[in-house]
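Student: Residue numbers (the working numbering), protein chains in the order written: chain A, 1009 to 1314; chain B, 61 to 357. Glycine included, every Cβ here is placed at the ideal spot set by N, Cα and C. All figures in this text were calculated on a predicted structure; none of them were measured in a lab.
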Amino acid sequence: MGKKKTWKNIKRAFPLYIMVAPGFLYLLINNYVPMTGIIIAFKHLNFAKGILHSDWAGLSNFKYLFKTPDAALITRNTLLYNFAFIVVNTTVSILIAILLSELRSKTKVKIFQSAVLIPSLISIIIVSYLVYAFLSGRTGFVNGLLTSLGKENISFYTESKYWPFILIFVNCWKGAGYSSIIYLAAILGIDQEMYEAAEIDGATRWHKIKCITLPLLKSTVITMTLLSIGRIFYSDFGLFYQVPMNSGALINATNTIDTYVYRGLIELGDISMSSAACVYQSLMGFALVMIANWLTKRYSSENALF
Amino acid sequence: MVGKQERRYQRMITVVLALISLIMVIPLVLLVVASFTSNNEIVLHGYSFFPKELSLEAYRYIWNERAQVFHAYGITILVTAIGTTIGVMMTLLYAYVLAHEKFPGKTFLAFYLFFTMLFNGGLVPTYIMYTRYLHMKNTIPALIIPGLLMSAFNVILTRTYIQSNVPAALSEAAKIDGATEFQVFRKVVLPMCKPIIATVGLFAGLGYWNDWTNGLYYITDTNKFSIQQLLNNMIKNIEFLSKNANSNINLASVGGGIPQETVRMAIAIVGLLPILIVFPFVQKYFVKGISIGAVKG
């Protein structure tokens, strides 16, 4: 018993360790080694000395970062956009899912489903082309429309006030179809007898949606929102960098933590600021996943992630 | 029950859904129409759904410059094929192990995987590691390895599938008959996993085909540009022009006679076409994958 048995079990599991090895190594390199790289943010990085031997900077990189107005701006943008995305996308995708579930014709369901899924297949680079075709200052479709209505043209790529709406719309356009599939799956999982019973009691369509479908979707909504809240310090880099075409005039409306980190690292070569923002994002992101999960565990434990 | 009222209701839903679908698809229609419009017309009158002057000049231009476009296409195909194959293999193996009955280290391996979904080091250390220490700048592996090869989400998806679709008794029986762990994996589990292989492969393949960030971070050598990066570079050229915009600059003349506006749209079509062609055949797996992803693993 004891030691001997454990040893025997380990030996028996040996083939399993070999099978898991490629994935294990990959996660080690791609995920775990960079985690240790967090110390870069606490160093005056000097590649000649190497990361480990660079001088310690304490918290000075962070102090420096939070003294700039950028820190508040990128935090505000990242959080507000994500809140808006969660509200708008959840609403629209539930709407699409309910409409699809009410449709009787299977062929129609399939056609509409393909249509709403298409945007999620397109790379963000091509999305930025599409947006450009609509919004370009001189040649864009929207400005053509404005001209023919006798209105003044709008220079979208230099006016930041339009971008919150544009980005929320583009994000919803690209993502709503995908999440509507998740909600549709949840609706199709609802016991049909409930609807039949409600019908016998004389419930109207609206009643059935309000009193059966929506309440039963609650747990899916909680899970999905929980996942999004865990990602609330992260933003879709492509959406905020490519779609506004990295336009300097729009920076107040489009700079998020991810674009800030990228610009600092690659365009400006300012590794200390960039790594400080990067660690800030990782830690806040981690804290939020834990908090969100803890809250869910407290109030509806069956929806908690872990 | 299917009365007049029900029919009217169905018609109403159809109309609303048709409108939503239209919004989803119409930007692509503009893209297609623009790629067949004459460049002059776009420069003079802007993008339109009903151009007065149709033209194949954009596609003719791409055909003349096919060396560059096809090269980028080749890179994308190569990277997608290699990355998807290796990635799916790794995902299946990891998932098989996690679905296995208890063995020493199983809990650790599950947590080791799951933790990567909760926490990461972010772009800066990742970038420094891949460029400074693994010297991947301007290499093909830089398009395959960073971030994309295996995702914890796909592993969990696959593990859940194996647990609920491959009866443990079957693997047990094979083992009693003397099959090794690898034989069980290959002969018993893999054949029963075809649907989930299709789903995970689809997610991975789409991820590779559409990826442009690895190219942006790690590739500066135009010989290793993928199709997405080629597109990205073309739009950057325009960006440069519009930044120095005198509203009177004629894009066509600056581009040295290249039908810039339409060529960009045509290359976007070329990059998108394979996905649009394949999608109807694999939609089933795509939808299934999203739906099981919703059920937490």
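Assign LYS1057 of chain A to one of three DSSP states: helix, strand, or coil.
Tutor: Here LYS1057 of chain A sits in coil by DSSP.
Student: Does DSSP put LYS1013 of chain A in a helix, a strand or coil?
Tutor: If DSSP states are grouped into helix, strand and coil, LYS1013 of chain A belongs with the helices.
Student: Pick helix, strand or coil for LYS1216 of chain A, following the three-state DSSP scheme.
Tutor: Of the three classes helix, strand and coil, the one that applies to LYS1216 of chain A here is helix, per DSSP.
Student: By the criterion of Cβ-Cβ separation under 8 Å, what are the contact partners of MET359 of chain B in chain A?
Tutor: No answer is possible for residue 359 of chain B: the residues shown for chain B start at 61 and end at 357.
Student: One question on the structure: do ILE86 of chain B and ILE1104 of chain A come within less than 8 Å of each other, judged by their Cβ atoms?
Tutor: Taking 8 Å as the Cβ cut-off, ILE86 of chain B and ILE1104 of chain A do not qualify as a contacting pair.
Student: I want to verify the contact list: residues of chain B whose CB lies under 8 Å from the CB of SER1136 of chain A, in sequence order.
Tutor: What SER1136 of chain A touches in chain B: ILE295.
Student: Pull out every residue of the region 63-85 of chain B whose Cβ sits closer than 9 Å to any Cβ of chain A, in chain order.
Tutor: From the region 63-85 of chain B, only GLU66, TYR69, GLN70, ILE73, THR74, VAL76, LEU77, ALA78, ILE80, SER81, LEU82, ILE83, MET84, VAL85 have a Cβ closer than 9 Å to chain A.
Student: Below 8 Å on C-beta distance, what does ARG1271 of chain A contact in chain B?
Tutor: Near ARG1271 of chain A there are no residues of chain B at all, since even the closest Cβ is about 11 Å away, more than 8 Å.
Student: Can you list, in chain order, the residues of its chain with a C-beta nearer than 6 Å to that of PHE1248 of chain A? Leave out the 5 residues immediately preceding and following it.
Tutor: Counting only Cβ-Cβ distances below 6 Å, and skipping sequence neighbours, we find THR1262, THR1264, THR1267.
Student: Could you tell me the distance, in whole angstroms, from the CA atom of GLY1031 of chain A to the CA atom of LEU1024 of chain A?
Tutor: Their Cα atoms are separated by approximately 12 Å.
Student: Using a C-beta to C-beta distance shorter than 8 Å, which residues of chain B count as neighbours of PHE1241 of chain A?
Tutor: Near PHE1241 of chain A there are no residues of chain B at all, since even the closest Cβ is about 10 Å away, more than 8 Å.
Student: Checking contacts by CB at 8 Å: is ILE142 of chain B closer than that to chain E?
Tutor: Protein chains in the displayed structure are A and B, and chain E is not among them.
Student: Taking all protein chains shown into account, do 16 or more other C-beta atoms lie within 10 angstroms of the C-beta of GLU321 of chain B, making it buried, or fewer, making it exposed?
Tutor: That one is buried.
Student: Within 10 Å of its beta-carbon, does TYR172 of chain B have 16 or more other beta-carbons around it, so buried, or fewer, so exposed?
Tutor: Flag for TYR172 of chain B reads buried.
Student: Taking any Cβ of chain B, which residues in the region 1183-1196 of chain A have a Cβ under 9 Å from it, in chain order?
Tutor: Those residues of the region 1183-1196 of chain A that come within reach of chain B (Cβ to Cβ, closer than 9 Å) are ALA1184, GLY1185, TYR1186, SER1187, ILE1189, ILE1190, TYR1191, LEU1192, ALA1193, ALA1194, LEU1196.
Student: Step through the CB atoms of chain B and report whether any lies within less than 8 Å of the CB of TRP1214 of chain A.
Tutor: Judged by the 8 Å Cβ criterion, TRP1214 of chain A is not in contact with chain B.
Student: Would the beta-carbon of ILE337 of chain B fall within 8 Å of that of LEU291 of chain B?
Tutor: Cβ atoms of ILE337 of chain B and LEU291 of chain B: not closer than 8 Å.
Student: Taking C-beta to C-beta, are CYS1286 of chain A and LEU183 of chain B nearer than 8 Å?
Tutor: Taking 8 Å as the Cβ cut-off, CYS1286 of chain A and LEU183 of chain B qualify as a contacting pair.
Student: What does ASP1063 of chain A pair with, by DSSP beta-bridge criteria?
Tutor: DSSP lists A:HIS1052 as partners of ASP1063 of chain A.
Student: Buried or exposed for GLU101 of chain B, please, with buried defined as at least 16 other CB atoms from any protein chain shown within 10 angstroms of its CB.
Tutor: So GLU101 of chain B counts as buried.
Student: With which residues is LEU114 of chain B paired in a DSSP beta bridge?
Tutor: Paired residue(s): B:THR97.
Student: Would you call the region 1078-1096 of chain A and the region 1163-1181 of chain A touching, i.e. three or more CB-CB distances under 8 Å?
Tutor: The region 1078-1096 of chain A is in contact with the region 1163-1181 of chain A.
Student: What three-state label does DSSP hand ALA326 of chain B in the structure shown?
Tutor: Here ALA326 of chain B sits in helix by DSSP.
Student: Mapping the DSSP letters down to three states, classify GLU1160 of chain A as helix, strand or coil.
Tutor: In the structure shown, GLU1160 of chain A sits in coil (DSSP, three-state: anything other than H, G, I, E or B).
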